[in-house]
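Worksheet: the structure to be examined is printed underneath.
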Amino acid sequence: MAKLDGRERRKARIRKKISGSGERPRLTVFRSARHIYAQVVDDSSGGTLAAASTLSPDLRGTLEADDKTGAAKKVGALIAKMCLERKVGKVVFDRNGFLYHGRVKALAEAAREAGLDF
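Throughout the sequence shown, residue numbering follows our numbering, covering 8 to 125 in sequence.
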């Protein structure tokens, strides 16, 4: 319970400081025990511009041989590709209270390598 409370505190502290706009939306990450989710949100309009996860149909058949970090890299590359198709090149990265390590870091670095700027 204390670990979750700490993440929620970090999440609130981060969200006070960052917000996504139309020209620079927010790339937010959620990590569960089994999957990882990424979405690009425009906070001014309240809409989701792009979303990808390990449950995405584009990735479903390609993840069997990967570990969770490898799957996070593929999700990062996919979300970057989806953003660039929608003419979104710059985002603000929201780690959502998770430490910038492991799967969260792998997703972020893969998105950067695929062309997103943050």
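The beta carbon of each residue, even a glycine, is placed where N, CA and C say it ideally should be.
Run through DSSP, which three-state label would residue i get?
i	result
T61	coil
G96	coil
G109	coil
I need the boundaries of the alpha helix (DSSP H) containing residue i, first residue and last residue.
i	result
L128	Residue 128 lies beyond the range of the chain shown here (8 to 125); nothing can be said about it.
Taking the alpha-carbon of residue i as reference, which of the options has the nearest alpha-carbon?
i	options	result
P32	Y107, E116, E71 and K94	K94
K97	G53, S60 and D124	D124
I43	E92, K81 and D12	K81
S60	A45, G53 and D50	A45
E116	G104, N103, I86 and E92	I86
L62	V48, R41, T55 and D49	R41
E130	L56, K23, A9 and D101	One cannot answer for residue 130 here, as it falls past the ends of the chain, which runs 8 to 125.
E15	V111, F105 and A121	F105
V36	R67, L70, I21 and P64	I21
Between which two residues does the beta strand (DSSP E) harbouring residue i extend?
i	result
G45	Residue identity check: residue 45 is Ala in the sequence provided, not Gly. First-last of the beta strand (DSSP E) with A45: I43 to D49.
V36	R33 to R38
V99	V99 to D101
Based on the DSSP output, what are the partners of residue i in its beta bridges?
i	result
G54	D49
D12	BP columns for D12 are empty, so no partner.
How would you call residue i, buried or exposed, if buried means at least 16 neighbouring beta carbons within 10 angstroms?
i	result
A72	exposed
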